[in-house]
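In my numbering, the protein residues as written are 26 to 235. Here the structure is laid out as structure tokens; the discussion comes afterwards.
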């Protein structure tokens with residue numbers, strides 16, 4: 026049974042409704058979260074605020090797992106002992122490159138199949154689709170990735186950081202993409218998100234279907 030939480034971003038006040046849904050899925054006292062960054066965060070500039078974020082939700086068991094410069098193959102199995110895995114924001118192309126380089130795509134798919142919870146933030150949410158095509162509308166392909174196929178855990182495309190400006194820039198091209206590819210795109214404002222529990226999909230906030 027899939028248990029997925031997709032955030033556009035994690036901003037404490039705006040995301041409270043999504044946070045409560047996450048806690049319901051975790052359904053235990055002080056669950057463990059394995060944090061996977063999209064690239065090395067050597068000073069923990071981005072990790073430490075997430076620790077504080079989860080601490081405010083009553084979660085203190087958060088472990089950092091680097092797939093990049095601090096990669097340690099011996100720690101990989103530990104990731105999948107976590108109650109939930111947090112896939113961070115960042116450059117989606119580079120994140121997918123690292124996941125494939127470290128052979129984590131199938132392991133993450135299996136983790137979900139076995140009941141693990143995935144938490145996607147921005148790029149981490151895009152990666153859960155069948156392809157990271159949505160990344161081209163906000164990220165630069167800094168690795169020249171040829172194969173954009175991704176985890177395929179959700180059967181739609183996720184477009185984070187939606188706004189009036191984004192709508193003006195991208196709505197038509199996204200509608201054309203959706204029609205040509207015969208796929209659904211959900212565009213989320215920061216503070217909005219999607220929660221999946223098995224076959225149940227819950228839209229939090231103003232999620233736009235394209």
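Every residue, glycine too, gets a C-beta built ideally from N, C-alpha and C.
Mapping DSSP to helix, strand and coil, what is residue i?
| i | result |
| --- | --- |
| residue 232 | coil |
| residue 28 | strand |
| residue 201 | helix |
| residue 119 | helix |
| residue 166 | coil |
| residue 54 | coil |
| residue 158 | helix |
| residue 227 | strand |
| residue 67 | coil |
| residue 207 | coil |
Measure the alpha-carbon distance for residue i versus residue j and round it to whole angstroms.
| i | j | result |
| --- | --- | --- |
| residue 144 | residue 193 | 29 angstroms |
| residue 216 | residue 188 | 11 angstroms |
| residue 166 | residue 50 | 34 angstroms |
| residue 54 | residue 159 | 36 angstroms |
| residue 43 | residue 168 | 32 angstroms |
| residue 171 | residue 70 | 30 angstroms |
| residue 183 | residue 161 | 12 angstroms |
| residue 30 | residue 195 | 24 angstroms |
| residue 214 | residue 151 | 14 angstroms |
| residue 129 | residue 175 | 11 angstroms |
| residue 224 | residue 26 | 8 angstroms |
| residue 199 | residue 190 | 14 angstroms |
| residue 99 | residue 235 | 42 angstroms |
| residue 141 | residue 202 | 31 angstroms |
| residue 218 | residue 58 | 19 angstroms |
| residue 124 | residue 186 | 23 angstroms |
| residue 220 | residue 46 | 7 angstroms |
| residue 232 | residue 115 | 21 angstroms |
Could you tell me the boundaries of the beta strand (DSSP E) in which residue i lies?
| i | result |
| --- | --- |
| residue 112 | 109-112 |
| residue 102 | No beta strand (DSSP E) contains residue 102, which is instead part of the alpha helix (DSSP H) from 101-104. |
| residue 59 | 57-61 |
| residue 210 | 210-212 |
So the alpha helix (DSSP H) residue i belongs to, where does it begin and stop?
| i | result |
| --- | --- |
| residue 238 | The requested residue 238 is not part of the displayed model; the chain covers only 26 to 235. |
| residue 96 | No alpha helix (DSSP H) contains residue 96, which DSSP labels as neither H nor E. |
| residue 222 | Per DSSP, residue 222 belongs to no alpha helix (DSSP H); it is in the beta strand (DSSP E), 218-222. |
| residue 87 | Not the alpha helix (DSSP H): residue 87 falls in the beta strand (DSSP E), residues 86-89. |
| residue 43 | 41-51 |
ask   = At which residue ranges does the segment 169-196 contain complete beta strand (DSSP E) runs of 3 or more residues, listed in the order of the chain?
value = For the segment 169-196, whole beta strand (DSSP E) runs of length 3 or above, ordered along the chain, are 182-184.
Continuous alpha helix (DSSP H) assignments of at least 4 residues falling wholly in the segment 130-155 = Runs of the alpha helix (DSSP H) lying entirely within the segment 130-155, each at least 4 residues long, are 130-138, 148-151 in chain order.
ask   = Do the segment 27-35 and the segment 83-92 make contact, defined as three or more Cβ pairs closer than 8 angstroms?
value = The segment 27-35 is not in contact with the segment 83-92.
Sufficient close CB pairs (3 or more, under 8 angstroms) joining the segment 60-71 to the segment 113-124 = Yes, since at least three Cβ pairs between the segment 60-71 and the segment 113-124 fall closer than 8 angstroms, the two stretches touch.
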